[in-house]
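Just so you know, we're using my numbering here: the sequence shown kicks off at 149 and counts up by one.
C-beta atoms are modelled at their ideal positions from N, C-alpha and C, and glycine is treated no differently.
Small disclaimer: the values here were computed from a predicted structure and weren't measured.
Notes follow once the structure below has been shown.
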Amino acid sequence: MNTIRPAIVAGSFYPADPTSLKRHLTELLDNADDGGRAVAPDSRRFESQCPKVLIVPHAGTVYSGPVAAAAYALLRRTGAAIRRVVLLGPSHRVGFPGLALSSAGAWRTPLGDVPLDTALAATLTGRPCVTMLDTAHAREHALEVQLPFLQISLGAFTLLPVVTGEAGAAEVADVLDAVWGGPETLIVISTDLSHYLDYATCRRTDGVTAAAVERFDAGAIGRDDACGRVPLAGLLTTARRRPMAIRRLDLRNSGDTAGPRERVVGYGAWALYETERTDEKADDATSAARAAGPAVMALARLSIASNLAGTRPLTLPATEESDPLLTAPGAAFVTLKRDGALRGCIGSATARRSLAEDVWDNAYKAAFADPRFPPLAPNQITGLTVSVAILTSPAPMRFTDETDLLAQLRPGIDGLILDAGRNRALFLPAVWDSLPDATAFLAHLKNKAGLPGDFWSPSIRASRFEAVEIGPEPW
149 MNTIRPAIVA GSFYPADPTS LKRHLTELLD NADDGGRAVA PDSRRFESQC
199 PKVLIVPHAG TVYSGPVAAA AYALLRRTGA AIRRVVLLGP SHRVGFPGLA
249 LSSAGAWRTP LGDVPLDTAL AATLTGRPCV TMLDTAHARE HALEVQLPFL
299 QISLGAFTLL PVVTGEAGAA EVADVLDAVW GGPETLIVIS TDLSHYLDYA
349 TCRRTDGVTA AAVERFDAGA IGRDDACGRV PLAGLLTTAR RRPMAIRRLD
399 LRNSGDTAGP RERVVGYGAW ALYETERTDE KADDATSAAR AAGPAVMALA
449 RLSIASNLAG TRPLTLPATE ESDPLLTAPG AAFVTLKRDG ALRGCIGSAT
499 ARRSLAEDVW DNAYKAAFAD PRFPPLAPNQ ITGLTVSVAI LTSPAPMRFT
549 DETDLLAQLR PGIDGLILDA GRNRALFLPA VWDSLPDATA FLAHLKNKAG
599 LPGDFWSPSI RASRFEAVEI GPEPW
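This is the structure:
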């Protein structure tokens, strides 16, 4: 653990002289900071937030340095909290299964030594896919070329270097999940894009790859699309399961930076951010929905009772129009049951009007306009119960196939909206009570949408939501 892994590609991939190296990288970072290619149209959204993940190229700094600098320039402005860097890149020289750690105590560059996080590495060694393999690191440039950029941008930090061999996206994602950490930890994925295509073909190919990266579609990135496709696929797999946003910082090739255009190598830089969908905000939304519960239930009952008596007003009662909990946008489902059997259920998947208006209208429709049942009559209220589900905003899900979608579902928590062309259906979280198995839950939702239970298409879209249940209350 006391050994030092020396700088192998200093003098070839980047300057070996410390002064020249610092001047070279600082110039690249300053040019990126000036606003050119490091500023995307949505930069205001993230200008004060530190990225959780950077995807950067790893060629010589003359070639890919300007693209990598677009990412590392962000750290100079927002990276003060970072104390650890987890760095993953592909193996260019050694073939091996799984992922390889380094047994060195530090890695050296012309700018100094970077200590390795040996304690974090030790937590991974029990995984079957992880080995301690110094030969994988000995001549590998994909990780080393990132260190001087990190040293200039962050100052002091500890490092966990991981070279990926023949490994599955799930194995890499498992390792990333284990070392994800908090704001003290930065994940860096080192990868170039296409290799040795002509300039025009490279731009088209890398454009398709970039689109796949930005929709977190690991399966759409082929062997020839990115040399770091293994660590990249692992990242995209875990990013699908997390509330994250991605921002493209630069997409060019060696024909744009320092080389001829007959045979070029593609480079891209992205930053991934953990979004603000926190448990605290979810708790706030749940608390607000529960606080509105008594007023919501009273409004639903009034809407139904007024029509039963033939006196239902055409507009909301004035008291409901002034309640801030009810005037905020909201979406709700109203469910009626009689003697335990469904008697009507109508609702809204998204908030298109105030919560009061939504409950008022859907309560009336559940009782009198559900096409599956005749209108509720006054003599049918015996044994009737009313419940209202107040929905959170649907969140689009990212998944590679049906197995991935099923693995992400949370029984008892998630409501699900399924879209397949013109076929669309929704299940509330309460449906888990009668369909506790995720496979059956999804199959029945497909049936509700008019599809076979075993239907699958890459074009399927799904969004999930949660619901606060008010009731059921007897009539």
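Query - Three-state class that DSSP yields for Ala164 in the structure shown - result: Position 16 of the sequence shown, counted from the first residue, corresponds to residue 164. In this structure, Ala164 counts as coil in the three-state DSSP scheme.
**Report entry** Option nearest Ala321 by Cα separation, candidates Leu341, Leu259, Val278 and Thr209
**Finding:** Taking the sequence shown and counting its residues from 1, the one referred to as residue 321 is at position 173. For the residues Leu341, Leu259, Val278 and Thr209, the minimum Cα distance to Ala321 belongs to Val278.
Report task. Give the straight-line distance between the Cα atoms of Phe547 and Leu553, rounded to the nearest whole angstrom. Result -> Within the sequence shown, numbered from 1, the residue matching residue 547 stands at position 399. Within the sequence shown, numbered from 1, the residue matching residue 553 stands at position 405. Using only the alpha carbons, I get a separation of about 6 Å.
Query - Own chain, CB closer than 8 Å to Thr423, minus 5 neighbours either side, in chain order - result: Residue numbering aside, residue 423 sits at position 275 when the sequence shown is read from its first letter. Pro391, Met392 and Ala393, listed in sequence order.
Report task. Report the partner residues of Pro544 according to the DSSP bridge assignment. Result -> Numbered from its first residue, the sequence shown carries residue 544 at position 396. Ser611, per the DSSP bridge assignment.
**Report entry** Contacting residues, own chain, Cβ-Cβ under 7 Å from Leu599 (five flanking each side not counted)
**Finding:** What you label residue 599 is simply residue 451 of the sequence shown in a count that begins at 1. Cβ within range, chain order: Ala568 and Asn571.
Query - Minimum C-alpha distance to Thr209 - residue among Gln294, Arg225 and Ala155 - result: As a first step, residue 209 must be located in the sequence shown, where it is residue number 61. Comparing Cα positions, the closest option is Gln294.
**Report entry** Local conformation of Val482 per DSSP, three classes
**Finding:** The residue you call residue 482 lines up with position 334 of the sequence shown. Val482 falls in the strand class under three-state DSSP.
Query raised in the report: Which same chain residues, not among the five before or five after Thr483, have their C-beta less than 6 Å away from its C-beta?
Result: Counted from its first residue, the sequence shown places residue 483 at position 335. Closer than 6 Å at Cβ, skipping near neighbours: Cys493 and Ser535.
Query raised in the report: Do the region 285-304 and the region 155-165 make contact, defined as three or more Cβ pairs closer than 8 Å?
Result: Contact holds between the region 285-304 and the region 155-165, because three or more Cβ pairs, one in each stretch, are under 8 Å apart.
Requested in this report: Verify whether the separation of the beta carbon atoms of Leu539 and Ala586 is less than 8 Å.
Outcome: Counting from one through the sequence shown, the residue named residue 539 turns up at place 391. Counting from one through the sequence shown, the residue named residue 586 turns up at place 438. Going by C-beta atoms, Leu539 is not nearer than 8 Å to Ala586.
Report task. Quickly, what does DSSP pair Cys493 with across the bridge? List them, please. Result -> Taking the sequence shown and counting its residues from 1, the one referred to as residue 493 is at position 345. For Cys493, which the question treats as bridged, DSSP gives the partners Thr483.
Query - Segment limits, alpha helix (DSSP H) that includes Val323 - result: Along the sequence shown, one-based indexing puts residue 323 at 175. Element bounds for Val323: Ala317 to Val327.
Query raised in the report: Taking Asp602 as the reference, which of Ala219, Leu593 and Arg609 has the closest Cα?
Result: The count along the sequence shown starts at 1 and reaches residue 602 at position 454. Selected option, being the one with the closest Cα: Leu593.
**Report entry** Short Cβ contact (8 Å threshold) for Asp325 with Thr271
**Finding:** Numbered from 1 along the sequence shown, position 177 holds the residue referred to as residue 325. Numbered from 1 along the sequence shown, position 123 holds the residue referred to as residue 271. Cβ atoms of Asp325 and Thr271: not closer than 8 Å.
Query raised in the report: Leu259 and Lys170: beta carbons closer than 8 Å?
Result: Your numbering for residue 259 matches position 111 in the sequence shown. Your numbering for residue 170 matches position 22 in the sequence shown. Their beta carbons are under 8 Å apart, which means Leu259 touches Lys170 by this criterion.
Report task. Give every residue of the same chain whose Cβ lies closer than 6 Å to the Cβ of Leu513, excluding the five residues on either side of it in the sequence, and list them in chain order. Result -> Here residue 513 refers to the residue found at position 365 of the sequence shown. It should be pointed out that residue 513 corresponds to Lys in this sequence rather than to Leu. Shown here for Lys513: same chain residues with a beta carbon closer than 6 Å to its own, the five before and five after excluded, namely Ile494 in chain order.
Requested in this report: Buried or exposed for Arg185, please, with buried defined as at least 16 other CB atoms from any protein chain shown within 10 angstroms of its CB.
Outcome: Position 37 of the sequence shown holds residue 185. Caution is warranted here: a pLDDT of 43 is assigned to Arg185, below 50, making its placement in the model unreliable, and the coordinate value is therefore given only provisionally. By the neighbour-count rule (16 or more Cβ atoms within 10 Å), Arg185 is buried.
Report task. Determine the direct distance from the alpha carbon of Gly329 to that of Phe613, and round the result to whole angstroms. Result -> By 1-based counting over the sequence shown, the position of residue 613 is 465. By 1-based counting over the sequence shown, the position of residue 329 is 181. Rounded to the nearest angstrom, the two C-alpha atoms are 26 Å apart.
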